[in-house]
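Numbering of the sequence shown is given in this note's numbering, commencing with residue 205 and proceeding in unit increments. Cβ coordinates follow ideal geometry from the N, Cα and C atoms, glycine included.
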Amino acid sequence: MTVVVTAVFYPLPDRKQELADAMQRGIAAVHGEQGCELYAIHDSEDGTITMIEKWTTVEDLDAHGSGSVVEILRADVKDLVAKPATVTRMTPIPAGTEAQGQL
Numbered sequence: 205m206t207v208v209v210t211a212v213f214y215p216l217p218d219r220k221q222e223l224a225d226a227m228q229r230g231i232a233a234v235h236g237e238q239g240c241e242l243y244a245i246h247d248s249e250d251g252t253i254t255m256i257e258k259w260t261t262v263e264d265l266d267a268h269g270s271g272s273v274v275e276i277l278r279a280d281v282k283d284l285v286a287k288p289a290t291v292t293r294m295t296p297i298p299a300g301t302e303a304q305g306q307l
């Protein structure tokens, strides 16, 4: 079953663009991982950067979470964040059309 994840990153003051830039290497690597359907960052109005992920299976997400690519991402951002990211796993509840009612 598909799994959707949000990860909210809290940049240090005046470091948001540096954080977004630092995330690029890890994002490019994740796009090649098995089961990665979506892995994208967004600039949030509250000053955070929100990553939205979609994985084909829970097993694919678990493999990602324990893999070396996540370690790359963590190392690249560690000096640019005020606190650890808030990560939330979600299971889609389909609504409306298949194309518009779920990630």
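* To do: Note down the Cα distance separating Y243 from D218, rounded to an integer number of angstroms.
  => One-based indexing of the sequence shown puts residue 243 at position 39. One-based indexing of the sequence shown puts residue 218 at position 14. The straight-line gap from Cα to Cα measures roughly 24 Å.
* **Backbone CA spacing between T290 and I231 [nearest angstrom]** => In the sequence shown, the residue the question calls residue 290 occupies position 86. In the sequence shown, the residue the question calls residue 231 occupies position 27. About 17 Å.
* To do: Per DSSP, which residues does K258 bridge with? Please list them.
  => Within the sequence shown, numbered from 1, the residue matching residue 258 stands at position 54. Answer is V208, L242.
* Asked: For the putative contact between V208 and E257, defined by C-beta atoms under 8 Å, what is the C-beta separation to the nearest angstrom?
  -> As a first step, residue 208 must be located in the sequence shown, where it is residue number 4. As a first step, residue 257 must be located in the sequence shown, where it is residue number 53. Rounded, the Cβ-Cβ distance is 7 Å, consistent with contact.
* In the structure shown, what three-state DSSP assignment does I276 receive? -> For the purposes of this step, residue 276 is identified with residue 72 of the sequence shown, where counting begins at 1. It is helical.
* Can you have a look at L284 and say buried or exposed, based on whether 16 or more other CB atoms are within 10 angstroms of its CB? => As a position in the sequence shown, residue 284 is number 80, starting the count at 1. With 16 or more other Cβ atoms inside 10 Å of its own Cβ, L284 counts as buried.
* Nearest-angstrom beta carbon gap, V234 and H268 [assumed within contact, 8 Å] -> Mapped onto the sequence shown, residue 268 falls at position 64. Mapped onto the sequence shown, residue 234 falls at position 30. Contact flag correct, Cβ pair sits at about 7 Å.
* When burial is assigned at 16 or more other CB atoms within 10 Å of the CB, is I297 buried or exposed? -> The residue labelled residue 297 in the question sits at position 93 within the sequence shown. It counts as exposed.
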